[in-house]
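**Q** Start counting the sequence shown at 877; every next residue gets the next number (the numbering used here).
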Amino acid sequence: MKKAWFAVGMLLSVSAFSARGIHWEYSGEAGPEHWATLDPEYSACAGKNQSPINLTAFVESELAPLVFRYGEGSAEILNNGHTVQINALPGSSLSVDGIQFELKQFHFHAPSENLIDGKSFPLEAHLVHADQDGHLAVVAVLFTEGAANTVLEKAWAHLPETAGGPLTLPPGISPLDLLPSNRDYYRYNGSLTTPPCSEGVRWLVMKNPVPASKAQIDAFTHVMHHPNNRPVQAVNARSVLK
Ligand SMILES: [Zn+2]
877 MKKAWFAVGM LLSVSAFSAR GIHWEYSGEA GPEHWATLDP EYSACAGKNQ
927 SPINLTAFVE SELAPLVFRY GEGSAEILNN GHTVQINALP GSSLSVDGIQ
977 FELKQFHFHA PSENLIDGKS FPLEAHLVHA DQDGHLAVVA VLFTEGAANT
1027 VLEKAWAHLP ETAGGPLTLP PGISPLDLLP SNRDYYRYNG SLTTPPCSEG
1077 VRWLVMKNPV PASKAQIDAF THVMHHPNNR PVQAVNARSV LK
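1. With a threshold of 7 Å (Cβ to nearest heavy atom), would H985 be considered close to ligand 1?
2. How would you call P1107, buried or exposed, if buried means at least 16 neighbouring beta carbons within 10 angstroms?
3. Can you name, in chain order, every residue of its own chain whose Cβ lies under 8 Å from the Cβ of H983, other than the five neighbours on each side?
4. So what does DSSP say about H958, is it helix, strand or coil?
5. Which same chain residues, not among the five before or five after P1036, have their C-beta less than 8 Å away from its C-beta?
6. Could you tell me which uninterrupted alpha helix (DSSP H) segments, each at least 4 residues in length, are contained entirely in the region 905-954, listed from first to last along the chain?
7. How is T1044 classed by DSSP in three states: helix, strand or coil?
8. Could you spell out where the alpha helix (DSSP H) holding E1029 opens and where it closes?
9. Give the range of the alpha helix (DSSP H) segment to which T1097 is assigned.
10. Please state whether DSSP places A964 in a helix, a strand or coil.
11. Give me the residue from V1116, P941 and I975 with the minimum Cα distance to H1011.
12. Put L1055 into one of helix, strand or coil per three-state DSSP.
13. Are the C-beta atoms of L1055 and some chain B residue less than 8 Å apart?
14. Is H1102 near ligand 1, going by C-beta to nearest heavy atom under 7 Å?
15. In this structure, how does DSSP classify S988 when only helix, strand and coil are distinguished?
16. Run through the DSSP bridge pairs and tell me what S1067 is partnered with.
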């Protein structure tokens, strides 16, 4: 009887483990410098094309304008313990390289993960898109402290204080309102900035930051309890296009 109970307990913990992935953190023994060795599935975290980076030594390029077709509507918000994420409704897309990528979710890091010419920002949004084959394109938006941001105002009214499942947001949150009016961008090849750190991600970093109020930035850092930025990674052989 005791043995059977033990077996069930093991099964539960194994399934919970695989569903959530191996535990990782932003500091300590499960921190960024150890991610690659926490689990074989995280080995890409030691790759040569990792994100974030310090964007500098720009290469002049003719970058095609990004074509955003974002709708608005209700979505979900969740605090997963690593970030606060807003899941997008289907139907918002971005065209890059003649490929359509659908907006899946956007989430935040404080302070910023990517740096521009060595400069850090208090907050960074990542708008994560996937094409039909699962290739990813991330649009990064950097924030400076200033006027309140309308998307954050609507989303933070439902900001989950603790980690847990998604909450439904009322309609009217338009991710387009996160973008600067000038959509010029830097581009580089990178990775997810959290385990499993998968590479082959198109990074599109808006050149112009957008404002968010100090209260909005503080509200995010308060629910995170700790910085949630991976340190910058080596650029290696990559170019940053501008
Ligand atoms: Zn991110």
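Idealized CB from N, CA, C, for every residue including glycine.
**A** Quick answer:
1. Result yes, Cβ under 7 Å from ligand 1.
2. It is exposed - the Cβ of P1107 has fewer than 16 other Cβ atoms within 10 Å.
3. Cβ within range, chain order: T959, V960, Q961, I962, A1001, H1002 and V1004.
4. Residue state, collapsed to three classes: coil.
5. Only I953, L954, N955, V960, L1043 and V1099 meet the Cβ criterion.
6. At a cut-off of 4 residues, the continuous stretches assigned as alpha helix (DSSP H) that sit fully inside the region 905-954 are 911-914.
7. In the structure shown, T1044 sits in a strand (DSSP, three-state: E or B).
8. Membership of E1029 in the alpha helix (DSSP H) is indicated by the continuous run T1026 to W1032.
9. It spans K1090 to M1100 - the alpha helix (DSSP H) in which T1097 sits, taken as one unbroken run.
10. Here DSSP, grouped into helix, strand and coil, assigns A964 to coil.
11. The residue among V1116, P941 and I975 with its C-alpha nearest the C-alpha of H1011 is I975.
12. L1055 falls in the coil class under three-state DSSP.
13. Given the protein chain composition of this structure (a single chain), no chain B is represented.
14. Of the heavy atoms belonging to ligand 1, none sits nearer than 7 Å to the Cβ of H1102.
15. S988 carries a coil assignment under DSSP once its states are collapsed to helix, strand and coil.
16. Per the DSSP secondary-structure output, S1067 pairs in a beta bridge with E1075.
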